[in-house]
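Read through the structure below, which is laid out as structure tokens, and then see the notes.
In full-length UniProt numbering, the protein residues as written are 1 to 213.
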């Protein structure tokens, strides 16, 4: 929003999660990457697993991953940005089951570590899928990837009815998992009654930095 301060210029490697699906994780990630790119930093985004990929002449492609690539200053092959592609736009573990595939944290962590080692940068954003507690298989959650890689976590909150409960529970879960909760980006999309009052409540109860876009 034009009356909001710009997002900060970040350095480091961060895990981007959301309070739910469709809250603007990729939109926020792209804006953070653009800020870093405009500041002259080497930056890129990764989407280790994506469900909801379309068939193209180049293979399965996910819109979020393509947008991350467009916002990055470091050009990477699509397969590095989004190594695990699933066609159905459903929970990743169910999409994988439908395709007779199994996704593990070890696989995803290996992909991310490979990218980080081969392509050093000032800022790397590792974007999750859906919310914090998204299963990868019958035993592992995608949230475990942030723990496996020891990444600080940025939460994106979609400003809509119910966001306070979702945001506070997600923040509690991140901290209970032993991870560094860096802060929150409140994404103001669409119309919301008493939005400013909701923002004030979130500021009062959430730890870390708080940014509104």
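For each residue, glycine too, the CB sits at the ideal point set by N, CA and C.
Would you report the Cα separation of residue i and residue j, rounded to the nearest angstrom?
i	j	result
residue 163	residue 25	14 Å
residue 117	residue 127	18 Å
residue 178	residue 147	8 Å
residue 203	residue 185	11 Å
residue 32	residue 188	16 Å
residue 49	residue 6	29 Å
residue 196	residue 57	46 Å
residue 46	residue 161	29 Å
residue 104	residue 173	21 Å
residue 80	residue 107	13 Å
residue 134	residue 143	7 Å
residue 30	residue 175	25 Å
residue 181	residue 171	7 Å
residue 169	residue 132	10 Å
residue 101	residue 27	29 Å
residue 9	residue 208	16 Å
residue 110	residue 136	15 Å
residue 198	residue 90	29 Å
residue 159	residue 22	11 Å
residue 73	residue 141	30 Å
What did DSSP end up calling residue i once you bin it into helix, strand or coil?
i	result
residue 92	helix
residue 175	helix
residue 194	coil
residue 117	helix
residue 212	strand
residue 19	coil
residue 9	coil
Using the DSSP secondary-structure output, state which residues sit across from residue i in a beta bridge.
i	result
residue 43	123
residue 245	Residue numbering for the chain in the displayed model covers 1 to 213; residue 245 lies beyond these limits and cannot be assessed.
residue 131	18
>> Within 8 Å, do at least three Cβ pairs link the stretch 118 to 126 to the stretch 27 to 44?
In response: yes
> Should the stretch 13 to 28 be called in touch with the stretch 147 to 165, which here means at least 3 C-beta pairs below 8 Å?
Replying inline: yes
> Counting pairs of Cβ atoms below 8 Å between the stretch 88 to 97 and the stretch 56 to 67, do you hit three or more?
Replying inline: no
> Which runs of the alpha helix (DSSP H), 4 residues or longer, sit entirely within the stretch 135 to 184?
Replying inline: 143 to 149, 163 to 176
> Counting only runs that start and end within the stretch 23 to 92, where is the alpha helix (DSSP H) found for 4 or more residues in a row?
Replying inline: 25 to 38, 63 to 71, 78 to 81
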